Amino acid sequence: MFKRVKGLQYTVRVAAPNPGLANLMLEQFGGAQGELAAACRYFTQGLAEDDPGRKDLLLDIATEELSHLEIIGTIIAMLNKGAKGDLAEGTQKEAELYRSLTGNGNDSHITSLLYGGGPALINSAGVPWTAAYVDTIGEPTADLRSNIAAEARAKMVYERLINVTDDPGIKDALGFLMTREVAHQQSFEKALYSIRNNFPPGKLPPMPEFANTYYNMSGEEEVRGSWNSDDNFNYVREPQAGVDGADGSASVDLPGEQAADLKAMAMRTQSDTSINPVTGADLGSAGPIENEAAARKK
Ligand code: MN
Ligand code: MN
Numbered sequence: 638m639f640k641r642v643k644g645l646q647y648t649v650r651v652a653a654p655n656p657g658l659a660n661l662m663l664e665q666f667g668g669a670q671g672e673l674a675a676a677c678r679y680f681t682q683g684l685a686e687d688d689p690g691r692k693d694l695l696l697d698i699a700t701e702e703l704s705h706l707e708i709i710g711t712i713i714a715m716l717n718k719g720a721k722g723d724l725a726e727g728t729q730k731e732a733e734l735y736r737s738l739t740g741n742g743n744d745s746h747i748t749s750l751l752y753g754g755g756p757a758l759i760n761s762a763g764v765p766w767t768a769a770y771v772d773t774i775g776e777p778t779a780d781l782r783s784n785i786a787a788e789a790r791a792k793m794v795y796e797r798l799i800n801v802t803d804d805p806g807i808k809d810a811l812g813f814l815m816t817r818e819v820a821h822q823q824s825f826e827k828a829l830y831s832i833r834n835n836f837p838p839g840k841l842p843p844m845p846e847f848a849n850t851y852y853n854m855s856g857e858e859e860v861r862g863s864w865n866s867d868d869n870f871n872y873v874r875e876p877q878a879g880v881d882g883a884d885g886s887a888s889v890d891l892p893g894e895q896a897a898d899l900k901a902m903a904m905r906t907q908s909d910t911s912i913n914p915v916t917g918a919d920l921g922s923a924g925p926i927e928n929e930a931a932a933r934k935k
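The sequence shown begins at 638 in this note's numbering and counts up one residue at a time.
Okay, here's the thing in structure tokens:
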């Protein structure tokens with residue numbers, strides 16, 4: 638059950654309207670690293686979770702992300718308040734209104750004209766939110782690792798947004814939102830390592846002969862570090878086809894009729910390497926016209 642509390646999780650003080658800035662903030666409202674994506678990610682994971690501790694953690698954080706969605710959406714609404722009234726009432730000179738929506742290279746006309754200045758479920762470029770932003774796989778060690786990375790990305794977008802505004806109230810609220818993503822990342826890291834056996838993900842063991850092998854696929858000398866060191870990996874300097882020891886070829890056993898069809902098709906479409914056919918590219922090129930002119934001169 639959900640209950641609404643009237644206050645925001647963190648106080649929002651916006652100094653002045655700024656439709657262009659509102660558009661940038663949309664990235665954290667309806668964008669890939671935004672609060673709706675985060676809330677849906679943890680909510681769906683939490684519903685499916687059977688471990689009581691992780692279920693509480695996921696649903697607590699999902700609910701907090703909705704509270705963040707409310708904060709960032711409120712900031713967007715505040716930044717658009719001026720444009721909203723101006724557009725609705727039409728009292729400003731047209732050119733001035735036009736300039737306020739499109740000036741300084743901002744493209745807030747999408748949110749203003751189409752959404753009336755309200756926070757829309759789009760990213761900062763106007764692309765609608767999609768559930769494809771949620772990459773849950775339904776296995777806790779894989780999902781927690783993805784959640785850790787999602788929190789890191791959300792922190793980075795907030796950091797960039799903080800760097801593009803000099804409004805102290807917005808900086809303060811964004812600083813809170815950014816900080817909470819750091820806290821979430823830490824909780825997810827702890828939850829991951831609270832699963833004693835968290836690597837590799839799933840139950841099936843990896844094939845031992847390939848699990849700690851590093852292939853140098855560039856065929857050249859390369860930087861060596863712990864990620865490809867002889868201590869940690871069997872370093873293969875020049876990998877060959879068929880690392881399994883066979884020849885690396887591919888085959889499939891086809892029933893007789895299908896094999897015959899496939900052979901017939903291959904015969905019908907086979908290349909003739911003995912001819913040099915004239916093609917549309919030859920006929921359409923300038924070559925023949927030049928030759929005509931040269932012929933007339935003779
Ligand atoms: Mn958040
Ligand atoms: Mn978070």
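Cβ coordinates follow ideal geometry from the N, Cα and C atoms, glycine included. As the structure is a prediction and not an experimental result, all values here were calculated from the model.
Looking at I708: is its Cβ nearer than 8 Å to the Cβ of Q646? Yes, the Cβ-Cβ distance between I708 and Q646 is below 8 Å.
As a quick exercise: from V649, Y795, N800 and A883, pick the residue whose alpha carbon is nearest that of M715. Of the residues V649, Y795, N800 and A883, the one whose Cα lies closest to the Cα of M715 is V649.
Exposure label - S749; buried when at least 16 CB within 10 Å: The residue in question, S749, is buried, as its Cβ has 16 or more Cβ neighbours within 10 Å.
Specify the secondary structure class of T850 as computed by DSSP and reduced to three states. Here T850 sits in strand by DSSP.
Those runs of the beta strand (DSSP E) which lie wholly inside the region 800-874 and span at least 3 residues: When DSSP assignments are scanned along the region 800-874, the uninterrupted stretches of beta strand (DSSP E) that are 3 or more residues long and fall wholly within it turn out to be 850-852 and 871-873.
I'd like the list of long-range same chain contacts for D884, defined as Cβ closer than 8 Å, with 5 residues on each side in sequence excluded. Cβ within range, chain order: A878.
Candidates D723, S704, A659 and D809, of which the one nearest I759 by Cα: Minimum Cα distance to I759 is reached at A659.
Three-state secondary structure assigned by DSSP to I912: Of the three classes helix, strand and coil, the one that applies to I912 here is coil, per DSSP.
Is G756 helix, strand or coil when you go by DSSP? Residue identity check: residue 756 is Pro in the sequence provided, not Gly. In the structure shown, P756 sits in coil (DSSP, three-state: anything other than H, G, I, E or B).
Quick check: the Cα distance between V860 and D881, rounded to an integer number of angstroms? Rounded to whole angstroms, V860 to D881 spans 26 Å at the Cα level.
By a C-beta neighbour count over all protein chains shown, 10 Å radius and 16 as the cutoff for buried, is F847 buried or exposed? Exposed, by the Cβ-count rule.
If I measure Cβ to Cβ from N835 and keep anything under 7 Å in the same chain, skipping five residues before and after, which residues do I get? Only T778 and L829 meet the Cβ criterion.
With H, G and I counted as helix, E and B as strand and the rest as coil, what does DSSP make of P765? Strand, per DSSP.
Indicate whether the contact test is met: 3 or more Cβ pairs, each with one atom in the region 672-685 and one in the region 725-734, closer than 8 Å. The region 672-685 is not in contact with the region 725-734.
Note down the Cα distance separating E858 from F870, rounded to an integer number of angstroms. If I take the Cα positions, the gap works out to 16 Å.
Give me the residue from P765, T816 and G719 with the minimum Cα distance to A789. It is T816 whose Cα lies nearest to the Cα of A789.
Tell me the rounded alpha-carbon separation between A923 and P914. Rounded to whole angstroms, the separation of the alpha carbons of P914 and A923 is 18 Å.
In the structure shown, what three-state DSSP assignment does G671 receive? Correct three-state label for G671: coil.
Please determine, among G657, M662, F639 and R736, the residue with the shortest C-alpha to C-alpha distance to L814. When only C-alpha atoms are compared, the closest one is M662.
Go through its chain and collect everything with a Cβ distance to A675's Cβ below 6 Å, but skip five positions before and after it. Once the five neighbours on either side are set aside, the close Cβ partners of A675 are E702.
In chain order, each beta strand (DSSP E) run of at least 3 residues that lies wholly inside the region 673-746: Runs of the beta strand (DSSP E) inside the region 673-746: none found.
What do you reckon, are the CB atoms on A669 and Y752 nearer than 8 Å? In this structure, Y752 does not lie closer than 8 Å to A669 by Cβ.
Flag A674 as yes when its Cβ comes closer than 7 Å to any non-hydrogen atom of ligand 2, and as no otherwise. No, ligand 2 has no heavy atom inside 7 Å of this Cβ.
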